[in-house]
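For reference, the structure discussed in these notes is given below.
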Amino acid sequence: MNAPNKSGWKPAMNAEGEMMAVSATYTGNRALMLDEPLIFEIGGTDTTGVDLPDIDTPASSRLGNLARTAEIGLPGLSEPETVRHYTRLSRQNYAIDLGLFPLGSCTMKHNPRLNEKVARMPGFADVHPLAPLPTIQGALGVIYELAEWLKTLTGMPAVAMSPKAGAHGELCGILAIRAALEARGDARKVVLCPESAHGTNPATAAFAGYEVEDIPATPEGRVDLAALTARLRPDVAAVMITNPNTCGLFERDFRKIADAVHAAGAFVYCDGANFNAIVGRVRPGDLGVDAMHINLHKTFSTPHGGGGPGSGPVVFSQALAPFAPLPFVERTEDGFMLVEEENLADHHRHSFGRMTAFHGQMGMFTRALTYMLSHGADGLKQVSEDAVLNANYILRSLEDVLHAPFADSGPCMHEALFGDRGFAEGMSTLDLAKGMIDEGFHPMTMYFPLVVHGAMLVEPTETESKAALDQFIGALRSVAKRAIAGDESLKSAPHFAPRRRLDETLAARKPVLAWNSPPQA
Ligand SMILES: *Cc1c(COP(=O)(O)O)cnc(C)c1O
1255 MNAPNKSGWK PAMNAEGEMM AVSATYTGNR ALMLDEPLIF EIGGTDTTGV DLPDIDTPAS
1315 SRLGNLARTA EIGLPGLSEP ETVRHYTRLS RQNYAIDLGL FPLGSCTMKH NPRLNEKVAR
1375 MPGFADVHPL APLPTIQGAL GVIYELAEWL KTLTGMPAVA MSPKAGAHGE LCGILAIRAA
1435 LEARGDARKV VLCPESAHGT NPATAAFAGY EVEDIPATPE GRVDLAALTA RLRPDVAAVM
1495 ITNPNTCGLF ERDFRKIADA VHAAGAFVYC DGANFNAIVG RVRPGDLGVD AMHINLHKTF
1555 STPHGGGGPG SGPVVFSQAL APFAPLPFVE RTEDGFMLVE EENLADHHRH SFGRMTAFHG
1615 QMGMFTRALT YMLSHGADGL KQVSEDAVLN ANYILRSLED VLHAPFADSG PCMHEALFGD
1675 RGFAEGMSTL DLAKGMIDEG FHPMTMYFPL VVHGAMLVEP TETESKAALD QFIGALRSVA
1735 KRAIAGDESL KSAPHFAPRR RLDETLAARK PVLAWNSPPQ A
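As structure tokens, this is what we get:
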């Protein structure tokens, strides 16, 4: 027998067994409040969802000693039961297709359905990385064409397409820098990372074996140029700068920084994950960048989240281009070819090696190129302008209730940054974030960047309408006022979610990742 379905939401109760009051006026969607058990708890392992005929021949006679002797232990559910289970679970997820996704530094933007249509075309979806080159000329053509777009948009002469995400691209760039330094017999030890850099920057440098040194931020949230130039000694291999930075600001001194770094014989790595704020307006090549990754899965749509998929091509300056990883696609008289170790010497390169087994993320390439071709160069410029406009609309609409630490540093780029100053004693950014779940929104990025106390980083993206922005602003304004007023019900939020507040420390330190059957009686 199947266990009874345990679906059904239970409201938060106080010690007296009364439903907890929630004082705000709700402005957003309601979260879906299904409590779905594990599939093992719904379907017993002793039942089956399908009727199979009895077999005449015992399995062992055909399978020999490969026949399974123990129970497989899978729950026996019918097709509708299975479909309903996963559909219910999917409804507990918040998704960009359900509503605005304000995560700053993540660029969760709408993925046009045209991208999906093209990515599913058999000629792209069904190619195998080991297919003979003459049979995959179209796929190589996509990679080549996309690479040309990326070089043009960034003003950089070379690009490595194979890195599979932003952080992977950072590693690729740092490895190319190391190869270039070693090639001139000048191995250096230190990578400088400003405080306004993304956390992956120092992590990448450390992973590649460099000592990481912090460069402070100015009170207006930008790299301290004087502190940086003072630190440029001959042991510095590179400076890694996120631009626009994690405070949502454009690094106005970038050109001066790059000149100083080059004068000291070091390289400039730019974290370009936030490129969506400046596409069509600024070419990183003009700013003196030597290597920069581009998050196709942020800047050029393509869905991401939950660990993948991603794609992080890295553009290179002339100085680093010879060290770019293999393979890369080149155009020949009769089509496209892959440059690999065997034919590398003919191309006058000294590649540092490779980042992946094959050419990169084909599914992301087709989506990104579709996005570029459907928008055109002018369309892409408008995308970034609208993203910046939307973020500034949020910043200016909320700065009267939420502390906006860099509101005087000029317009923000694609994301608006707030802090927790002004909240009632005992109220935190976490409480506000949980309150946003009750409003039907995914919370914004919190406690990042570290330079702002109780930071909240909001990135609406260009794909939200004014009506959607106003609804989000209304919800955030209402929850912020509760945090300022010290509304106790916020401390126990979320009230309208499948789960109450989780013990995050326990979840991080002792995650229970597998289901074990209860001990037999
Ligand atoms: C997202 C992001 C990264 C990391 O990219 P992944 O694809 O998640 O590895 C690095 N830097 C910045 C500024 C980012 O926003």
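Each residue of the sequence shown is one higher than the one before, counting from 1255 in the numbering used here.
Ideal placement from N, C-alpha and C gives every residue a C-beta, glycine not left out.
Given the structure is predicted, the values throughout are model-derived calculations rather than measurements.
Using a Cβ-Cβ distance cut-off of 8 Å, the segment 1744–1762 and the segment 1716–1731 are not in contact, since fewer than three pairs of beta carbons, one from each stretch, lie closer than that value. If you draw a 10 Å sphere on the C-beta of Phe1695, you find 16 or more other C-beta atoms in it, and that means buried. Membership of Ile1495 in the beta strand (DSSP E) is indicated by the continuous run 1490–1496.
Between Val1706 and Met1667 a beta carbon distance of about 16 Å is seen, past the 8 Å cut, so the two are scored as non-contacting. The bridge partners DSSP lists for Leu1711 are Leu1671, Thr1699. One Cα belongs to Leu1598, the other to Pro1488, and the distance between them is close to 32 Å. Just so you know, the alpha carbons of Ser1416 and His1382 end up roughly 15 Å apart. Judged by their CB atoms, Ala1419 and Gly1564 are nearer to each other than the 7 Å cut-off. Relative to Pro1366, the option among Glu1693, Val1583, Tyr1625, Leu1656 whose CA is nearest is Tyr1625. Put simply, the backbone Cα of Lys1363 is about 29 Å away from that of Arg1675.
In the three-state DSSP reduction, Gly1377 falls in the helix class (H, G or I). From the listed residues Val1493, Gly1439, Ala1434, Glu1325, the smallest Cα separation to Thr1458 is found for Val1493. Counting C-beta pairs with one atom in each stretch, the segment 1632–1651 and the segment 1668–1687 have three or more that are closer than 8 Å, which means they touch. At least one heavy atom of ligand 1 lies less than 6 Å from the C-beta of Gly1564. Cα atoms of Ala1687 and Pro1557: separation of roughly 23 Å, rounded to the nearest angstrom.
In the three-state reduction of the DSSP assignment, Ile1350 falls in the coil class, being assigned neither a helical nor a strand state. Per the Cβ contact rule, the segment 1331–1340 is in contact with the segment 1302–1311 (3 or more Cβ pairs under 8 Å).
Arg1509 and Thr1717 have their C-alpha atoms some 31 Å from each other. Beta-bridge pairing by DSSP links Tyr1523 to Met1494, Ala1545.
When Cβ pairs closer than 8 Å are counted between the two stretches, the segment 1519–1534 is seen to touch the segment 1547–1554, the count reaching three or more. Looking from the CA of Val1444, the closest CA among Leu1394, Trp1769, Ala1734, Val1522 belongs to Val1522. Fully enclosed beta strand (DSSP E) runs of no fewer than 3 residues occupy 1412–1414, 1444–1448 of the segment 1383–1458, in order along the chain.
A Cβ-Cβ separation of about 6 Å places Ser1450 in contact with Thr1500 under the 8 Å criterion. Take Gly1607, set aside five residues on each side of it, and the residues of its chain with a beta-carbon closer than 8 Å to its own are Leu1429, Pro1579, Leu1580, in chain order. Residue range 1720–1739 is occupied by the alpha helix (DSSP H) that includes Val1733. Shown here, Arg1650 sits in a helix according to DSSP, grouped into three states.
DSSP places Thr1302 outside any alpha helix (DSSP H), giving it a letter other than H or E. If you check the C-beta of Ala1527 against ligand 1, you find a heavy atom less than 6 Å away. For Asn1455, same chain residues with a beta-carbon under 7 Å away, outside a window of 5 residues either side, are Glu1424, Cys1447, Met1494, Thr1496, Asp1525 in chain order.
If you check the C-beta of Ser1416 against ligand 1, you find no heavy atom less than 6 Å away. Shortest gap from the CB of Ser1359 to any heavy atom of ligand 1: under 6 Å.
Linking Gly1664 to Glu1467 through their CA atoms gives a straight-line distance of about 28 Å. Buried is the label assigned to Pro1538, since at least 16 other Cβ atoms lie within 10 Å of its Cβ. Assignment of Gly1589 by DSSP, reduced to helix, strand and coil, places it in the strand class. Nearest Cα to Gly1327 within the set Leu1343, Lys1720, Leu1482, Ile1293: Ile1293. The DSSP-derived three-state label of Glu1333 is helix.
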